[in-house]
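Asks: Please find one structure pasted underneath; my questions will follow.
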Amino acid sequence: MSAKNPEYDFKWCPGCGDFGVRRAIEAALKQRQTETEQPMVNNVVVAGIGCSGNMVHLLEGEQPYGIHGIHGRSLPIAMGVKMGSPSLNVLVVAGDGDFLSIGQEHIAPQAARNLDITAVIMDNGVYGLTKGQSSPTTKVDTITSSTPFGKSEQALNPLMLYLALGVSYLASHVSTRVKDLGTTIADAMNHKGFSVVHVQSPCTTYNNTFQELKGNPKEGIAPLAWNIPEQHDSSDLEQAYEVVKQGGIPLGVIYRNTERPSLQDRVDEINNKSFERKIESIIESFAI
Amino acid sequence: MQKNDFVVRFAGEGGQGMVTSSEGLAQAASSVGYNVQTFVTFPSQIMGGPTWAQARVSTSPVLSSGDSLDVLVAFNEEAYMAHKDEVSDGGVVIFNSGAFQPESGGNSFGMEFAKLAKQTGNARAENMIVLGALAYLVGMSQQILDDFVRERFTRGREGDEEIIIANIKALTLGRQEAEKSGFSLGELAPPEKPEGDQILINGNEAVAVGAIAAGVNFYVGYPISPATAILLWMERNLTGEGKFVYQASSEIEAINAVFGGGYAGRKAMSATAGPGLSLMGEGLGLAWMAEVPLVIVDVQRGGPSTGLPTKTEQSDLLMALTPGHGDISMPIIAPGTVEECFYASVMAFNWAERYQGPVILLSEHMLSERRQNIPKPEISKLKVENRKVYTGSNGYNRYDGWELSPMPIPGTPGSYIANGSEHDVMGDTTHLAERHIQMTERRFSKLKLLENESYESENTDASIVIMPWGGSKGPASAAYAQLQADGADLGWYYTMFLNPLPVKMLEELKKKSLVIVPELNYMGQMSGILRSQGVKAVSITQYTGLPFKVADLAKRITERVAQEKKEGVTV
């Protein structure tokens, strides 16, 4: 919404990582608008359900189109929008619960198709909006409201999952590096294919990991986040796996495959070699 | 005496050409001007299993697949035992004497299907042997079938001529065998060519072609019996620039993609069956809530759960009405004939665009596989409706007001949020009571745009009326005609527009002392809906996986009417 809306009563908690992601997305959309000379209404933000899904209502400035749909289903909705109107730029915003738990089944097919959209995932390792249940990225043994005796599942490694499923562009980031994140999201939107920007966006209420990510030298806590070295060749899948295997939170572009055709390329190819069948000739084909 | 109508059933093992035989007969007979209707039922497996297909050929329009058989073609003993009791007095059984010998002969004769086929030089000509024998039994001219074979197998390929010669030889051999048997069913009256051009098409095809006529340009589906044929047809035919057709990874993906397509400005569609519709419930709720046009076809099969995937039933009506949670009244169009499948599809798109929301086209297995001659649709006379599109500048309140408003298309000014949460005028989430009241009433008010569609009525002075829905229309109309001829004082109402019902029709139904609804489910779903709308309705139900038989239905209607008159009380 472009102005404060008195009817809209949702608020992120003070210090929520999603504020930083919001500013990064606003900057990326602005950058894209300048670069492509396309109006803001050429963008569609498809949100999941959860704290992060409210992103679509909280973006400030000139307004893109938006969908605030169904828990877990942002990817198939985005597929419909993109394939329905291929010149649109489609951006999915979702959290770890939405994207990696209930919605995980939708990642593999879009990666296989190389659907030309960008997904910005805000990972806080917890279900915040429903008040602190464990999520796929919550660490094993963690006590949460839904795991009072400790979580029994091991945490999912989302970056490894994306690579294994064949996502053609993968970046990892933290919500505090707003400027870098904005540039990365803009870069991901320029990628022709399925791009995922996985962002650590801490929940200050239920799972505050700001200190863990940044580190605290005084208390001897080493930072989880680390910069991917400049010599990393992101076009090399093996090197991408090596980056992810090092653990922690790598910052920057992990993998970028510019060779694969997008789903739209495939559809264009098929539509170019087929021809439109007119209704009259279709009906004639059933003539007795 | 000349016969005006005959019913043939081909029964055997899946893969023995039952469907080809019945469709071949239908094609041949319709090509010279007979009216035809096929009916197919088979088990849910790729090969084998008891399968049967039926063809009815008539000089007048065919309303049902036929109660009893003039000819049963039994490919094996199991099929013979299962179907012999449905052969009418004076009917004939042709059995495969290469496979078995029936205990008591009766009106039957055997042919060695495989051996005869081999003599033609084409081992796959078994069903042509059978068609030849059939043609003799019903006194159909050899020329009709010869012409049919020539047309069907002239495909511009090498070896066409050989196949044609072998098949004609097969027809002749079959004819000679039947002649030897000494049986005859009398001569089939010459065809009375239906007025106007005809096409031969089945229900699934008619739905798909209707969608094309309505301007569908976005289709995402997932394979499921008995709706798969619509996906396959679309994959082959919804082609060319600007078209999108895709096999999704699940019905959940399909409904959400179709939602996205509708939001982006497309005429979007998916087809599924009961289990798929269950999965689509949440997505349909989103489309209702966010006011996005789309069409979902549910080709009903037996339920619940996996149920009877390849049998017919009309038991998804209640789910179609409220497929998702919360206050929803989903528009439903349920065609009752193959011809109506075409027009229902056009109307489903018109409704979706007119009221800006999801529409369910409720088809049935028995319609989907039924191949029938229908009048050729006149495309120039079709009314195709398109979306009321917003053309103003940015800052538009998409959901302002209590009624329908123009819909912006992404990429053009007027950005808004399509929101599954309750929302304010621009689509932002809200919890305000007065806003939920406004939006709920807004969504329901749009149904008024759909409640003035057409319906059939006859003998409207009668206080007791029959009102079938969907595919039970055929058998019910045949039963009604029979009861009318017997002097029963009964009225007739029918519409394919089930929700909302045509408002005038509903008013008339409310005045009746009894509305009898023949329907293929246990619960009596439609009569329950009618009662909730103030109509004194009762159902005549059947849940066998098969359609009503006309004589049986007529008997049950007569009994129900007698009970009503005796008791003098209603429902």
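Note that the protein sequences, when read in sequence, are chains A and B. Mapping of the first sequence onto my numbering: position 27 corresponds to residue 210, and the numbering continues sequentially without gaps. Mapping of the second sequence onto my numbering: position 419 corresponds to residue 409, and the numbering continues sequentially without gaps. Don't be surprised by glycine CBs; every beta carbon is placed ideally from N, CA and C.
Helix, strand or coil for B:R(-1), going by three-state DSSP, please let me know.
Replies: Numbered from its first residue, the second sequence carries residue -1 of chain B at position 9. Strand at B:R(-1).
Asks: Could you name the residues of the same chain whose beta carbon sits closer than 7 Å to that of B:L357, not counting the 5 residues immediately before and after it, in chain order?
Replies: Residue 357 of chain B sits at position 367 when you count from the first residue of the second sequence. The answer, listed in chain order, is G193, P325, V328, C331 and G461.
Asks: Just confirm the distance between the C-beta atoms of A:Y248 and B:T420, as a whole number of angstroms; I'd bet it's less than 8 Å.
Replies: Here residue 248 of chain A is taken as the residue at index 65 of the first sequence, counted from 1. Here residue 420 of chain B is taken as the residue at index 430 of the second sequence, counted from 1. At roughly 19 Å, the Cβ-Cβ gap does not stay under 8 Å, so A:Y248 and B:T420 are not in contact.
Asks: What are the start and end residues of the beta strand (DSSP E) that includes B:A258?
Replies: One-based indexing of the second sequence puts residue 258 of chain B at position 268. B:A258 -> beta strand (DSSP E) spans A258 to T262.
Asks: In three-state DSSP terms, what is B:Y512?
Replies: Taking the first residue of the second sequence as position 1, residue 512 of chain B is located at position 522. In this structure, B:Y512 counts as coil in the three-state DSSP scheme.
Asks: I need the DSSP call for B:Y484, collapsed to helix, strand or coil.
Replies: In the second sequence, counting from the first residue as 1, residue 484 of chain B sits at position 494. B:Y484: strand per DSSP, three-state reduction.
Asks: Count the other CB atoms, across all protein chains shown, that sit within 10 Å of the CB of B:P294; report buried if there are 16 or more and exposed otherwise.
Replies: Stepping through the second sequence from its first residue, residue 294 of chain B is reached at position 304. So B:P294 ends up on the exposed side.
Asks: In chain order, what residues of the same chain have a beta carbon less than 8 Å from the beta carbon of B:W223, not counting five sequence neighbours either side?
Replies: Taking the second sequence and counting its residues from 1, the one referred to as residue 223 of chain B is at position 233. Closer than 8 Å at Cβ, skipping near neighbours: N194, E195 and A198.
Asks: Just how far apart, CA to CA, sit A:K334 and A:A210?
Replies: To locate residue 334 of chain A, count along the first sequence from 1; it is residue 151. To locate residue 210 of chain A, count along the first sequence from 1; it is residue 27. Taking the straight line from one Cα to the other gives about 37 Å.
Asks: Please list the partners that A:N225 has in chain B, where partner means a Cβ-to-Cβ separation under 7 Å.
Replies: Along the first sequence, read from residue 1 onward, the residue named residue 225 of chain A stands at position 42. Chain B residues near A:N225: G401.
Asks: So which residues of chain A does B:K233 contact, with C-beta pairs closer than 8 Å?
Replies: To locate residue 233 of chain B, count along the second sequence from 1; it is residue 243. Neighbours of B:K233 on chain A, chain order: N454 and E459.
Asks: On the premise that B:A43 lies in contact with B:F(-4), defined as a C-beta separation below 8 Å, what is that separation, rounded to the nearest angstrom?
Replies: On the second sequence, position 6 is the one that residue -4 of chain B refers to. On the second sequence, position 53 is the one that residue 43 of chain B refers to. Between B:A43 and B:F(-4) the Cβ distance is about 15 Å, and since that is not below 8 Å, they are no contact.
Asks: Give a yes or no on whether 7 Å exceeds the smallest Cβ distance from A:C196 to chain B.
Replies: One-based indexing of the first sequence puts residue 196 of chain A at position 13. Not one chain B Cβ lies under 7 Å of A:C196.
Asks: Work out the CA separation of A:L271 and A:S457 for me, nearest whole Å.
Replies: As a working note, residue 457 of chain A is residue 274 in the first sequence. As a working note, residue 271 of chain A is residue 88 in the first sequence. Roughly 24 Å between the two C-alpha positions.
Asks: Around the C-beta of A:P433, are 16 or more other C-beta atoms found within 10 angstroms, so that it is buried, or is it exposed?
Replies: Along the first sequence, read from residue 1 onward, the residue named residue 433 of chain A stands at position 250. Burial call: buried.
Asks: Taking only beta-carbon atoms, is B:T10 less than 7 Å away from chain A?
Replies: Locating residue 10 of chain B in the second sequence gives position 20, where the first residue counts as 1. Closer than 7 Å: no.
Asks: Alpha carbon to alpha carbon, how far is A:G315 from A:G308?
Replies: Within the first sequence, the letter at position 132 stands for residue 315 of chain A. Within the first sequence, the letter at position 125 stands for residue 308 of chain A. In a straight line, the C-alpha of A:G315 is about 9 Å away from that of A:G308.
Asks: Under a CB-based cut-off of 7 Å, is B:D414 close to chain A?
Replies: Position 424 of the second sequence, counting from 1, holds the residue named residue 414 of chain B. Output row for B:D414: interface = yes.
Asks: Which residues in chain A have a C-beta closer than 9 Å to the C-beta of B:E554? List them in chain order.
Replies: Within the second sequence, the letter at position 564 stands for residue 554 of chain B. Going along chain A, no residue has its Cβ under 9 Å from B:E554, so there is no contact; the nearest lies around 44 Å.
Asks: Of the residues that make up the region 425 to 441 of chain A, which ones have a beta carbon closer than 8 Å to any beta carbon in chain B?
Replies: The region 425 to 441 of chain A vs chain B, Cβ under 8 Å: nothing.
Asks: Less than 8 Å between the CB atoms is what I'm expecting for B:I189 and A:I471, so what's the real figure, rounded?
Replies: Within the second sequence, numbered from 1, the residue matching residue 189 of chain B stands at position 199. Within the first sequence, numbered from 1, the residue matching residue 471 of chain A stands at position 288. Sure, about 6 Å apart at Cβ, within 8 Å.
Asks: Can you tell me whether A:P433 is helix, strand or coil according to DSSP?
Replies: For this step, residue 433 of chain A is matched to residue 250 along the first sequence. DSSP places A:P433 in strand when its eight states are reduced to three.
Asks: So what does DSSP say about A:I232, is it helix, strand or coil?
Replies: One-based indexing of the first sequence puts residue 232 of chain A at position 49. In the structure shown, A:I232 sits in coil (DSSP, three-state: anything other than H, G, I, E or B).
Asks: With DSSP run on the structure shown, which of helix, strand or coil describes B:T560?
Replies: Taking the first residue of the second sequence as position 1, residue 560 of chain B is located at position 570. Only weak support is given to the placement of B:T560: the predicted model assigns it a pLDDT of 48, under 50, and the question is left unresolved by the model.
Asks: Assign A:R439 to one of three DSSP states: helix, strand, or coil.
Replies: Here residue 439 of chain A is taken as the residue at index 256 of the first sequence, counted from 1. A:R439 falls in the strand class under three-state DSSP.
Asks: Express the C-alpha separation of A:V323 and A:G231 in angstroms, rounding to a whole number.
Replies: For the purposes of this step, residue 231 of chain A is identified with residue 48 of the first sequence, where counting begins at 1. For the purposes of this step, residue 323 of chain A is identified with residue 140 of the first sequence, where counting begins at 1. Roughly 25 Å between the two C-alpha positions.
Asks: Give me the chain A residues within the contact set of B:R425, using Cβ-Cβ distance strictly less than 9 Å, ordered along the chain.
Replies: The sequence position of residue 425 of chain B within the second sequence is 435, counting from 1. Residues of chain A passing the Cβ test: E190.
Asks: Taking C-alpha atoms, which residue in B:Q237, B:P265, B:P51 and B:S268 lies nearest to B:M259?
Replies: Along the second sequence, read from residue 1 onward, the residue named residue 259 of chain B stands at position 269. Closest option to B:M259, Cα to Cα, is B:Q237.
Asks: Going by Cα to Cα distance, which pick from B:R360, B:V540, B:S20 and B:S335 is closest to B:L135?
Replies: Taking the second sequence and counting its residues from 1, the one referred to as residue 135 of chain B is at position 145. Taking only the C-alpha atoms, the option nearest B:L135 is B:S20.
Asks: If I measure Cβ to Cβ from B:A115 and keep anything under 7 Å in the same chain, skipping five residues before and after, which residues do I get?
Replies: Position 125 of the second sequence, counted from the start, is the residue given in the question as residue 115 of chain B. The answer, listed in chain order, is A107, A156, N157 and A160.
Asks: Going by beta carbon distance, what residues of the same chain come within less than 8 Å of B:S131, once the five residues before and after it are set aside?
Replies: For the purposes of this step, residue 131 of chain B is taken as residue 141 along the second sequence, with counting starting at 1. A125, listed in sequence order.
Asks: Exposed or buried, what is A:T321 when buried is set at 16 or more other beta-carbons lying within 10 Å of its beta-carbon?
Replies: As a first step, residue 321 of chain A must be located in the first sequence, where it is residue number 138. Buried, since its Cβ has 16 or more Cβ neighbours within 10 Å.
Asks: Spatial neighbours of B:G205 within its chain, please: CB distance less than 8 Å, with the 5 preceding and 5 following residues excluded, ordered by chain position.
Replies: The sequence position of residue 205 of chain B within the second sequence is 215, counting from 1. These residues qualify, in order along the chain: K257, F339, V374 and N376.
Asks: From the beta carbon of B:F138, is the nearest beta carbon of chain A less than 7 Å away?
Replies: On the second sequence, residue 138 of chain B is found 148 positions in, with the first residue counted as 1. So no, B:F138 is outside the interface.
Asks: Within its chain, find whatever has a CB closer than 8 Å to the CB of B:T560; leave out the 5 residues flanking it on each side and keep chain order.
Replies: Locating residue 560 of chain B in the second sequence gives position 570, where the first residue counts as 1. Residue placement at B:T560 is poorly supported in this model, since its pLDDT is 48, which falls under 50; the coordinates still yield a value, given next. So the list reads S503, L504, K526 and E554, once near-sequence residues are dropped.
Asks: At the 7 Å Cβ level, is B:V61 part of the contact set with chain A, yes or no?
Replies: Locating residue 61 of chain B in the second sequence gives position 71, where the first residue counts as 1. So no, B:V61 is outside the interface.
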